[in-house]
Amino acid sequence: MDSTAKTEIAKLQEENALKADLISISSHQLRTSLSAIKWVMKMILDKDVGPLTTEQEGLLKKASDSNERMIALVNDLLNLNHAQDIVSGYTFEPVQLVDLIESVLFEFTSETKKRNIEILFLKPDTHPGSISADKVKLRVVLQNLVENAIKYSKDGGKVFLSLASNDGKLKLSVKDNGIGIPEDVQPQIFKKFYRAPNAEKWQTVGSGLGLFMVKKIIERHNGKIWFESTENEGTTFYIELPLAPTPTVA
Ligand code: ATP
Ligand code: MG
495 MDSTAKTEIA
505 KLQEENALKA
515 DLISISSHQL
525 RTSLSAIKWV
535 MKMILDKDVG
545 PLTTEQEGLL
555 KKASDSNERM
565 IALVNDLLNL
575 NHAQDIVSGY
585 TFEPVQLVDL
595 IESVLFEFTS
605 ETKKRNIEIL
615 FLKPDTHPGS
625 ISADKVKLRV
635 VLQNLVENAI
645 KYSKDGGKVF
655 LSLASNDGKL
665 KLSVKDNGIG
675 IPEDVQPQIF
685 KKFYRAPNAE
695 KWQTVGSGLG
705 LFMVKKIIER
715 HNGKIWFEST
725 ENEGTTFYIE
735 LPLAPTPTVA
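For reference, each letter of the sequence shown is one residue, going 495 to 744 in our numbering.
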């Protein structure tokens, strides 16, 4: 490549970075305003500032639902803008998956309480060994899998996580007894923006981006992800990651 082409590429990269920053900043600002609207509407809907007629309440609820959808869209915009980070910018370090899972599960406590969903985590008896991973990105993986398991569960459902090491690999499963994934759409599940019809009906908020990102991150860790599911019975997602070699004592 000659030097002119190199300068041209550098210029394009700079422009791209600038655009990405611009999208980030505007989406953040949008999200801040939308959140402010959300809280104002919540105060009115909770009747903190006085009574409402049934008609006023109904209309306000509609506005509030639209606002929620807009917040979800802006979140996606922010996520998409971080797509670059999903493919590059990895920092690998030894990670204990047990600790990371426990800290992720803790984040969902209030939601699971509200919906009466029980989460069980079956830890291995012995230390499963560590993996070489990017902790921040692996957290995104766990958050998405646990979030999906909860989101697509019925109230009172059960989510079961299990971790085991075998054959130089760490295997995690996240199982739920929720709505399941219809067999005919199973091949589409990891595609960008894909949402199964039963999921769209069950939970209107969602972008179909979560699993797309999850798969990219797992593959970057030389791992594998797959699932088994039966509609109306439940779904189990599996991830498998290579264990870091244990240091040998000289
Ligand atoms: P978001 O991008 O906000 O996470 P989403 O949850 O719809 O939206 P993904 O997480 O990418 O998107 O999941 C893609 C689709 O896979 C879902 O819309 C749903 O159809 C299906 N799916 C994923 N996990 C489950 C699950 N545990 N149970 C049932 N269906 C699931
Ligand atoms: Mg999701």
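No residue lacks a Cβ here, since even glycine has one placed at the ideal position from N, Cα and C.
Query, Result
"Proximity of Ser701 and Phe684 at Cβ, strictly below 8 Å", "no"
"Ile519 versus Ala511 - alpha carbon distance", "12 Å"
"Ser656 in three-state terms, based on DSSP", "strand"
"Any non-hydrogen atom of ligand 2 within 7 Å of Glu612 CB", "no"
"Closer than 7 Å: Gly704 CB and nearest ligand 2 heavy atom", "yes"
"Gly700 Cβ short of 7 Å to ligand 2 heavy atom set", "yes"
"Outcome for Asn642 when other beta-carbon atoms lying within 10 angstroms are tallied against a minimum of 16", "buried"
"Exposure label - Asn638; buried when at least 16 CB within 10 Å", "buried"
"Limits of the unbroken alpha helix (DSSP H) element including Asp593", "591-601"
"Residue range of the beta strand (DSSP E) that includes Ile733", "728-736"
"Thr729: CB within 7 Å of a non-hydrogen atom of ligand 1", "yes"
"Those runs of the beta strand (DSSP E) which lie wholly inside the region 612-641 and span at least 3 residues", "612-616, 625-627"
"Cβ-heavy atom distance, Glu641 to ligand 2, below 7 Å", "yes"
"Per DSSP, the bridge partner or partners of Asp670", "Val653, Thr729"
"Check: Ala627 C-beta below 7 Å from any heavy atom of ligand 1", "no"
"Pair within 8 Å by beta-carbon distance, Leu528 and Ser558", "no"
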